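The structure appears right after this line, and notes come after that.
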Amino acid sequence: MAKILIVDDDQTIGFMLKDILEFNGHEVFVSQQPRETKDNILKHKVDIILLDKLISGVDGTDICQELSKDQEVSSVPVLMMSALHNVGEICKEAGATDFLSKPFDMETLINKVNNILSMHSGKA
Amino acid sequence: MEQNHRIKELEEELLRTRNEIKRLKLQSRSQKEELRNSVIDNIHLPLLVLDKDLRVLFANKKYHEFYGTTANEVAGTLIYKLGNGLWDNTQLKDILETILPSKSSMNNFELKYKNEKGEERYKCLNAAEVQLKGSDEKYILLSIEDNTDKKLAELKLKKSEHRYKEMIHSSNSLIAILRGPEMVVETANKSIKKIWGKGDNVEGRSLFEVLPEIKEQGMPELFEKVYSTGEPYTAKERPIKHEKDGKLDLRFFNFIYQPQRNLDGDIEGVSVIANDVTKQALLNRKIRKSEREFRELVNFMPHKISMSDPDGNVIFYNKSWLDYVGKEHEEFVNEPWPLLIHPDERDRVVEEVDHCLTTGCDLEMEMQIIDRYGEYKWHLCRATPIKDEEGKITSWLASSTEIQKLKEEEQRKEDFLKLVSHELKTPVTSIKGYVQLLLSILKEESEKEEGIPVKPYLKRIEGQVERLIRLISEMLDLSRIEQNELELQMTDFNINDQVEEIIEDLKYSNKDIQIDIQHDYKGTLTADRDRIGQVIINFVTNALKYSPDGNRVDIRIFKNKEDHVAVSVKDYGIGIDEKEQQQIFKRFYRVAGNKDDTYAGFGIGLYLSSEIIERHKGKIMVKSTIGKGSTFTFTLPLNQN
């Protein structure tokens, strides 16, 4: 079991992800405020972040970059998501551990999350 | 006695006087003779005096000089035997022996002969019979004039006159020579008479009497001017009407009116040399008319049209161009056109234009062109060479169409499409997530919902969601192709594994299908894996969609050429009409038929597939028989390089 923070401005997606991940045994926090990501990470001591690329006019890659440069939180892996085409590479360049293209198969989501967790803390 | 002496004296005196007279007489006779001989000898013409038997009594000095003879040689010789029989001429014989005796003179008898060099010579002979007073004896005086030079000059003149006349009369040009202020026709050749149409007898009459109809056409003034000023008048394609059979016949002429001067340089007439250029003139008029119309058309068009020389130097811009740049033609045509192009595109455009100028190929490019207000606007520019009969480029024709609004609209459309598909993806992601979560929960608590077919229904929802996702993707892909943004992510992958994976996934959601895969080729290739997968999915879903009565699909992977791999998908469905086989790869084309509703979709699947394959430098094709099924095949080069 791991603690997962979901940052997405679309509530439906946030809750869908929460439901799936909780069903798979994780503890999930959903946020629609990208600016509060660092606080949320520290507050909930999360193991992984699922970060949307486009959140209420804020570019997820900027957030990702800030996090990866911030020593307090840079160790937390980020799985970025987007419905945009061909942005995977951009996200990875910004410091994302992996990228998930929307819409996705539940299986792919679970696999990606588990892979990242096992690589980072063995909490899969 | 004294008287007798006186008489004797007188008689002696008389005798003396008589003798004196006699002496004087004799003296005067010999003086006369001498005078006569001297005169004869000084005559510049060779002269012969013949006796009645035509023997030479004597010849003058000139004769001897000319013929190289001496007095002794010729004296007493028969004329016919003189000069190697030069005078042995039947005609001369006839004159001397028959005509002369009866007519007593012969004037200008012409004798033609050939000298020892074989050159033709001419002599003019004059003969007169003379009889001395108180004598019956008759002599013949024969003067011989060599008039070869005169004769030859005469002949030459005659010839040239003949030639001149021949030239005038046989000429196709219309020629007439008019004399005097009245313009009396002196000469008119056949050609001009035919055009005048007033018959053959026009000579001796004033031109304006022959052709009264030209009086009203300003012609008398022209003739008068040439006649009075001596300045020639030239006209090109001048229309003149001639009356023929009571009707005015309009024809066009190139002509020159030239003053005719006599030896003193005074003008005594006007010559007319004209050519009937009616055919050419009518053609020229047509050409000019058509040129005028084309110019009007070109200026009327909203498109910017220009013409360039073979080296690409612009020589003409139409009105639309001038309006756009706000300049006069003279000014604009001398400006280098590349300055009109946006600096970012200038090099590319110049390079492309140079390429076309060198190879003679057509040009088609989009570029931004600056307007009179300094704003750049998008244009579609096309240029094509105009060639002559030998295929040599004589000029370039270019048209530029403003597509700024189109570009903006296109951009708006693309932006909208992207937004729409992005916005559609969000709810779809959510639905898909929940469906899959539910299916996953049901898997674990499988038989809880007894009697309610929840799982199959959820499966159907999942299938439809997948379809919706595909449609959204297609829409996005289409916009990417239009924007030329379809980028290929090239990787090396195993084609056999990929086909197996795709079929596995398809079977997962559709258990009923029967798909047979034949791996005649096994190996990897370099391509965009996802895009090729998209093509295979498109082929297979089409195969299933158009096989309403069966679910059998045969897939074959094989090498169709040494360096090409092919994937074919064969179905046993409804088939495609031959006419439609060429259309199905076109955008938005859907196979028509009664069952139209059955085969949903945007009609862009095959279009996308063909675009993807073409961008891989591959080929896409179809073979089909109505009622028996279709085989779709694509081929790809194993190595993209």
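Residue numbers (this note's numbering), protein chains in the order written: chain A, 288 to 411; chain B, 38 to 678.
Backbone N, C-alpha and C fix where the C-beta goes; we use that ideal spot for every residue, glycine too.
Model, not experiment: these values are computed from the prediction.
Exercise. Could you tell me the boundaries of the beta strand (DSSP E) in which L179 (chain B) lies?
Key: Run containing L179 (chain B): 175–183, per the beta strand (DSSP E) assignment.
Exercise. Identify whether P276 (chain B) lies in helix, strand or coil by the three-state DSSP scheme.
Key: Residue state, collapsed to three classes: strand.
Practice problem: Compare the C-beta of I335 (chain A) with all C-beta atoms of chain B and state if any pair is closer than 7 Å. | Solution: False, the Cβ-Cβ gap to chain B never drops below 7 Å.
Quiz prompt | First through last residue of the beta strand (DSSP E) which encompasses I489 (chain B) | solution = In this chain, I489 (chain B) is not harboured by any beta strand (DSSP E), its DSSP state being neither H nor E.
Practice problem: Could you pull the start and end residues of the alpha helix (DSSP H) that C161 (chain B) belongs to? | Solution: Membership of C161 (chain B) in any alpha helix (DSSP H) is not indicated; the residue belongs instead to the beta strand (DSSP E) covering 157–168.
Quiz item: At what residues does the beta strand (DSSP E) containing A435 (chain B) begin and finish?
Solution: Element bounds for A435 (chain B): 430–439.
Quiz item: Does I377 (chain A) come within less than 7 Å of chain B when only Cβ atoms are used?
Solution: Taking Cβ atoms only, chain B never reaches closer than 7 Å to I377 (chain A), which makes this a no.
Practice problem: Run the CB neighbour count on T127 (chain B), radius 10 Å, all protein chains shown included, and call it buried at 16 or more, exposed below. | Solution: With fewer than 16 other beta carbons inside 10 angstroms of its own, T127 (chain B) counts as exposed.
Quiz item: Taking buried to mean at least 16 other C-beta atoms within 10 Å of its own C-beta, is Q448 (chain B) buried or exposed?
Solution: Exposed, because fewer than 16 other Cβ atoms sit within 10 Å of the Cβ of Q448 (chain B).
Practice problem: Give me the Cβ distance between S432 (chain B) and K341 (chain B), rounded to the nearest whole Å; I'm assuming they're in contact under 8 Å. | Solution: With 8 Å as the limit, S432 (chain B) and K341 (chain B) do not qualify as a contact, their Cβ atoms being about 17 Å apart.
Exercise. Count the other CB atoms, across all protein chains shown, that sit within 10 Å of the CB of D634 (chain B); report buried if there are 16 or more and exposed otherwise.
Key: Note on D634 (chain B): pLDDT 43, under 50, position unreliable in the model; the coordinate value appears next. The Cβ neighbour count for D634 (chain B), taken over all protein chains shown within 10 Å, is under 16; the residue is labelled exposed.
Quiz item: Using a C-beta cutoff of 7 Å, does A370 (chain A) count as contacting chain B?
Solution: Taking Cβ atoms only, chain B reaches closer than 7 Å to A370 (chain A), which makes this a yes.
Quiz item: What is the residue span of the alpha helix (DSSP H) that N402 (chain A) lies within?
Solution: DSSP places N402 (chain A) in the uninterrupted alpha helix (DSSP H) bounded by 393–407.
Self-check item: Closer than 7 Å at the beta carbon, the chain B residues around L292 (chain A)
Solution: Per Cβ cutoff of 7 Å: no residues; L292 (chain A) is ~18 Å from chain B at best.
Quiz item: With distances taken between CB atoms, is the gap from T384 (chain A) to V365 (chain A) smaller than 7 Å?
Solution: In this structure, the beta-carbon distance from T384 (chain A) to V365 (chain A) falls below 7 Å.
Exercise. Could you work out which residue in B:P339, B:K99, B:P373 is closest to D360 (chain B) when comparing CA atoms only?
Key: Comparing alpha-carbon positions, the option among B:P339, B:K99, B:P373 lying closest to D360 (chain B) turns out to be B:P339.
Quiz item: Among all the DSSP beta bridges, which residues are the ones paired with H556 (chain B)?
Solution: Residue pairing by DSSP places H556 (chain B) opposite B:I594 in a beta bridge.
Practice problem: For K187 (chain B), name the three-state secondary structure that DSSP assigns. | Solution: Three-state DSSP puts K187 (chain B) in a helix.
Quiz item: For S647 (chain B), which residues of its own chain have a beta-carbon under 8 Å away from its beta-carbon, when the five flanking residues on both sides are left out?
Solution: Excluding sequence neighbours, S647 (chain B) sits near F622, I657.
Quiz item: Counting only beta-carbon atoms, is P321 (chain A) nearer than 7 Å to chain B?
Solution: It does not: the Cβ of P321 (chain A) has no partner Cβ on chain B nearer than 7 Å.
Practice problem: For R92 (chain B), write down the residues that DSSP places opposite it in a beta bridge. | Solution: B:L115.
Exercise. Return the CA-CA distance between I293 (chain A) and V333 (chain A), expressed in angstroms with no decimal places.
Key: Rounded to whole angstroms, I293 (chain A) to V333 (chain A) spans 10 Å at the Cα level.
Exercise. Could you spell out the range, first to last residue, of the beta strand (DSSP E) harbouring S646 (chain B)?
Key: S646 (chain B) -> not in any beta strand (DSSP E); alpha helix (DSSP H) instead, spanning 642–652.
Practice problem: May I ask you to report which of helix, strand or coil DSSP gives E499 (chain B)? | Solution: DSSP places E499 (chain B) in helix when its eight states are reduced to three.
Quiz item: When you check each C-beta in the stretch 449–469 of chain B against every C-beta of chain A, which residues fall closer than 9 Å?
Solution: Those residues of the stretch 449–469 of chain B that come within reach of chain A (Cβ to Cβ, closer than 9 Å) are K455, S458, H459, E460, L461, K462, T463, P464, V465, T466, S467, I468, K469.
Practice problem: Look at the alpha carbon of E524 (chain B) and the alpha carbon of I641 (chain B), and state the distance between them as a whole number of angstroms. | Solution: Distance from the CA atom of E524 (chain B) to the CA atom of I641 (chain B), rounded to whole angstroms, is 18 Å.
Quiz item: Between I518 (chain B) and chain A, is there a C-beta pair that is closer than 7 Å?
Solution: Closer than 7 Å: no.
Quiz item: Going by the beta-carbon positions, is the gap between S516 (chain B) and E451 (chain B) smaller than 7 Å?
Solution: Less than 7 Å divides the Cβ of S516 (chain B) from the Cβ of E451 (chain B).
Exercise. Find the residues of chain A that neighbour L474 (chain B), judging by a C-beta separation of less than 8 Å, and give them in chain order.
Key: Those within 8 Å of L474 (chain B) in chain A are M303, D306, I307, F310, M393.
Exercise. Decide if D285 (chain B) is buried, meaning its Cβ has at least 16 other Cβ atoms within 10 Å, or exposed.
Key: In the sequence under discussion, the amino acid at residue 285 (chain B) is Leu, which differs from the Asp named in the question. Counting every other CB atom within 10 Å of its CB across the protein chains shown gives L285 (chain B) a total below 16, marking it as exposed.
Quiz item: Anyone know if the C-beta pair for A580 (chain B) and T672 (chain B) falls short of 7 Å?
Solution: No Cβ-Cβ contact shorter than 7 Å links A580 (chain B) with T672 (chain B).
Self-check item: Short Cβ contact (7 Å threshold) for V536 (chain B) with I554 (chain B)
Solution: Taking a C-beta distance under 7 Å as the contact criterion, V536 (chain B) and I554 (chain B) qualify as a contact pair.
Quiz prompt | First and last residue of the uninterrupted alpha helix (DSSP H) at H331 (chain A) | solution = Its alpha helix (DSSP H) spans residues 324–331.
Self-check item: First through last residue of the alpha helix (DSSP H) which encompasses C378 (chain A)
Solution: Start and end: 375–380.
Quiz item: So, is R568 (chain B) buried or exposed, given that buried needs 16 or more other C-beta atoms within 10 angstroms?
Solution: Looking at its Cβ environment, which holds 16 or more other Cβ atoms inside 10 Å, R568 (chain B) is buried.
Quiz prompt | Presumed contact (8 Å Cβ cut-off) between V491 (chain B) and L479 (chain B), rounded CB distance | solution = 6 Å between Cβ atoms; contact.
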